[in-house]
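First residue of the sequence shown? That's 1300 in my numbering, and the numbers climb one at a time after it. First comes the structure, then the notes that go with it.
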Amino acid sequence: MVLIGGNQADDNVEIYNTIVQMAGGTGVAKIGLIHAASADPQDSFSFYHDIFVNRYGAAEANLIPIDMNHTSTNSDPNVIQLIRRQTGFFFGGGDQYRVTQSLLLPDGSPSPALVAIREMKRKGAVIAGTSAGTSCQTDRVMIMNGVSWDALKNGAHETESTEHPDDLIYQRIGGIGLFHGYVLDSHFSQRGRQGRMIRLLWDTRKESFGSNFAFGVDEDTALVITNDGTNKATAKVIGSSGVTLLDISKAADEHSQYFSIHGVSISYLTHGDQINLHTRAITIAPNKMLIAGHEMYDHALTSTDIFAHWDSDSDKKPEFVRVATRIYDNRNEHVTHGTTNETNPTFKVTMSVIGHDSFGWVDRKPLRNSDLISFTNLQINIDES
1300 MVLIGGNQAD DNVEIYNTIV QMAGGTGVAK IGLIHAASAD PQDSFSFYHD
1350 IFVNRYGAAE ANLIPIDMNH TSTNSDPNVI QLIRRQTGFF FGGGDQYRVT
1400 QSLLLPDGSP SPALVAIREM KRKGAVIAGT SAGTSCQTDR VMIMNGVSWD
1450 ALKNGAHETE STEHPDDLIY QRIGGIGLFH GYVLDSHFSQ RGRQGRMIRL
1500 LWDTRKESFG SNFAFGVDED TALVITNDGT NKATAKVIGS SGVTLLDISK
1550 AADEHSQYFS IHGVSISYLT HGDQINLHTR AITIAPNKML IAGHEMYDHA
1600 LTSTDIFAHW DSDSDKKPEF VRVATRIYDN RNEHVTHGTT NETNPTFKVT
1650 MSVIGHDSFG WVDRKPLRNS DLISFTNLQI NIDES
């Protein structure tokens, strides 16, 4: 599987080549393009057909004609035959709810088309997705909407509210079930989605499709999964940014008016880092060095807008990542904090390097703010302030 966080550059050779190679290679790969998430599936198909065939050498890129306006095709024998001729599938971006509505039957069971896609995956076909096409892959609860502050204040809901359009909305029965055990999100650091994922994990942890664990994939970045479904299943990070692993298994609710939680563990992995999906053991890329003893700065950072959306014109890293990575790359402080820009209530996020398993690694780069920093087991507490 290749799970992309969205906004991948057209010239991100590493990501696109990985998909094509996992689908059989140049001149062999047959990519089924599934644009059920898109408001304009035909336009999305034309774009990605050009990308895969003309730029990256796939033998074919075929539209799998299933979307919200053509749900009956999810049971069409001709479409099933088309699916079975592909060596890989690419799920485009848009709205992940459209994907589940297109590929699940009204009772929530998999359509014949989804059964066929799962069958092809078992036979070795690669599954790739970007943005909503990543978020929909989970077999756990599926995130659908929301921003971090509203999520922390108002909690997780199954239905949208016109009065609170930024509330955290999720689908209880999960996504299309091609990726197991972890909740998935995209555009993660760039849109400050750490708070909403922590709240979703906590509120749904006891549900049938809940989980203590999630991956948040950044833009122009992918999580590449091999040996999926076995105890050797491994995920490797490629691309320009990072992937966040969130773990609430040891967290505790502090019983405040809105929401407070202590003991969330976050790890942030960048290019070349790997994680065993069964044991969650992390292996840092060999080109990175331990930061301890080689810190660049004297002090940590704080923030007054910890879940800020990233300005793509900025040369700084996304805000949460900027603050979190600096706590490892400074000589004097091991605890720092950031607050939400929104008030009533204001939420305070405290970041702490605690214990013997919290470390930072770096691949130093010549350009300003371009170092690739990874870290493991940063403790996060969120309180009302």
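Cβ atoms here follow ideal geometry from the backbone N, Cα and C, with glycine treated the same way.
Between the segment 1363 to 1371 and the segment 1390 to 1410, the count of Cβ pairs shorter than 8 Å is three or higher; the stretches touch.
W1448 is a Cβ neighbour of E1641, given a cutoff of 9 Å. For R1471, the CB contacts under 7 Å within the same chain, skipping 5 residues up- and downstream, are V1440, E1457, E1506 and F1508 in chain order. Under a 10 Å Cβ-count criterion, Q1436 is classified as buried, with 16 or more other Cβ atoms of the shown protein chains found around its own Cβ. Beyond the five residues adjoining it in sequence on each side, E1518 comes within less than 7 Å, by CB distance, of G1304, G1305, N1306, H1486, Q1489 and S1540 in the same chain, given in chain order. According to the DSSP assignment, M1321 belongs to the alpha helix (DSSP H) that extends over V1312 to M1321. The beta strand (DSSP E) runs lying completely inside the segment 1350 to 1393 and spanning 3 residues or more are 1359 to 1362 and 1387 to 1390, given in chain order.
One thing to note: K1647 has its Cβ within 9 Å of the Cβ of T1638.
The alpha-carbon separation between G1659 and P1464 amounts to approximately 37 Å. Around N1586, the same chain offers G1571 and D1662 as residues with beta carbons nearer than 8 Å, after the five sequence neighbours per side are excluded. For the pair of segments examined, the segment 1522 to 1542 was found not to touch the segment 1330 to 1344: the number of CB pairs separated by less than 8 Å stays below three. Excluding five sequence positions before and after K1535, the CB atoms of its chain that fall closer than 6 Å to its own CB belong to V1523 and Q1573, given in chain order.
Straight-line measurement puts the Cα of W1609 at about 25 Å from the Cα of D1597. The beta-carbon distance between G1562 and A1580, rounded to whole angstroms, is 20 Å. This is too long to meet the 8 Å contact definition. Sequence-distant Cβ neighbours of N1311 in its own chain, meaning closer than 8 Å and more than five residues away, are D1519, G1538 and S1539. In terms of Cα proximity to M1595, the closest of L1568, A1607, N1668 and Y1347 is N1668. If you draw a straight line from the Cα of A1607 to the Cα of P1376, it comes to about 47 Å.
In this structure A1532 is not in contact with L1499, their Cβ atoms being roughly 23 Å apart against a cut-off of 8 Å. With respect to the 9 Å criterion, D1546 and N1575 are not classified as neighbours on the basis of their beta carbons.
One alpha carbon belongs to A1424, the other to D1614, and they sit about 38 Å apart.
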